[in-house]
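In the numbering used here, the protein residues as written are 126 to 196.
C-beta: ideal position from N, C-alpha, C; glycine also.
In this text the structure is predicted, and so the values were computed from the model without any measurement.
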C-alpha cells in the first residue's frame, strides 16, 4: 500500500506460504499498523481496526476464491 487513509502513520505486512501437501498450503498473514495520534488515541486505534478488518476480509475472500479456481 502506497497511499491509505489519513489516520494511518505506517503500515506493513507479510504473507508466508508453507506447503503442507502437494495440493495444500498454509498461509500466514501478518500486518502491522500504526495510527496517527488524534485527540483520543484509543479512537484512532478503533477506527483503524474496523477499517482494516473490512479490507482484509475482502482481500482474503478474493484470494481464497482465486486459489480454489486453480489458476
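Residue i lies in the beta strand (DSSP E); which residues open and close that run?
i           : result
residue 133 : 133-146
Can you check DSSP and say which residues form a bridge with residue i?
i           : result
residue 154 : 140
residue 159 : 135
Quick one, which of the options has its alpha-carbon nearest residue i's?
i           : options          : result
residue 192 : 151, 132 and 130 : 151
residue 133 : 166, 186 and 141 : 166
residue 129 : 180, 189 and 163 : 180
At what residues does the alpha helix (DSSP H) containing residue i begin and finish?
i           : result
residue 187 : 166-194
Task: Meets three-Cβ-pair contact criterion under 8 Å: the region 130-138 and the region 156-167 - done: yes
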